[in-house]
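A.B. asks:
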Amino acid sequence: MAYVVTEPCINCKYTNCAAVCPVDAFREGPNFLTIDPIECIDCDACVAECPVEAIYPDDEVPMEWEHYIDLNERLAEEWADHVINQTKEDLPDADEWAEVEDKREHLQETWD
Numbered sequence: 165m166a167y168v169v170t171e172p173c174i175n176c177k178y179t180n181c182a183a184v185c186p187v188d189a190f191r192e193g194p195n196f197l198t199i200d201p202i203e204c205i206d207c208d209a210c211v212a213e214c215p216v217e218a219i220y221p222d223d224e225v226p227m228e229w230e231h232y233i234d235l236n237e238r239l240a241e242e243w244a245d246h247v248i249n250q251t252k253e254d255l256p257d258a259d260e261w262a263e264v265e266d267k268r269e270h271l272q273e274t275w276d
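Residue numbering for the sequence shown is 165 to 276, as defined by my numbering.
(1) Looking at C176 and A240, is the spacing between their C-beta atoms short of 9 Å?
(2) Return the chain-ordered list of same chain residues with a C-beta closer than 8 Å to the C-beta of R268, the five sequence neighbours on each side being excluded.
(3) Quick one: Cα of L197 to Cα of V216, how far?
(4) Just to confirm my understanding: we take D188, look at its own chain, exclude 5 residues before and 5 after, and list those with CB closer than 6 Å. What are they?
(5) Give the range of the alpha helix (DSSP H) segment to which L239 is assigned.
(6) Taking the alpha carbon of T274 as the reference point, which residue from A183, M227, Y220 and R191 has its own alpha carbon closest?
(7) Nearest by alpha-carbon distance to C207: which of C181, D245 and R238 is it?
(8) What do you get for A218, buried or exposed, if any count of 16 or more other CB atoms within 10 angstroms of its CB means buried?
(9) Following the continuous beta strand (DSSP E) through E192, name the residue where it begins and the one where it ends.
(10) From the DSSP output, in three-state form, read off V187 for me.
(11) Between the alpha carbons of D259 and Y178, how many angstroms are there, rounded?
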């Protein structure tokens, strides 16, 4: 079982979770983080650090976000060169985006 980052992370990208990961399983995209399921050791350290409650064990992802399981795997592979293991400054509008729902269309999958 690996952990999965879900929709609440989009346009927030708080990095507290990545800083506590003991195996550098997090990958960074332009406005979203993902967890490499191969690297993840299921330690649960990241879950409590996420202020928007975006991280779930893959077998507990809410039904409306189950597609994020495959999305995390794909993006982790695409963003393999973007390992993140430290806290970075929050995105400028992160706090405003934290309360927004249905954000999938805002996910940026490629670095510009």
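We treat Cβ as the ideally placed atom computed from N, Cα and C, and that holds for glycine.
All of these numbers come straight from a predicted model, not from anything done at the bench.
C.D. replies: Taking the coordinates as given:
(1) no
(2) Same-chain partners within the cutoff: E171 and I174.
(3) 13 Å
(4) V247 and N249
(5) H231 to E242
(6) R191
(7) C181
(8) buried
(9) Residues F190 to E192.
(10) V187 falls in the coil class under three-state DSSP.
(11) 10 Å
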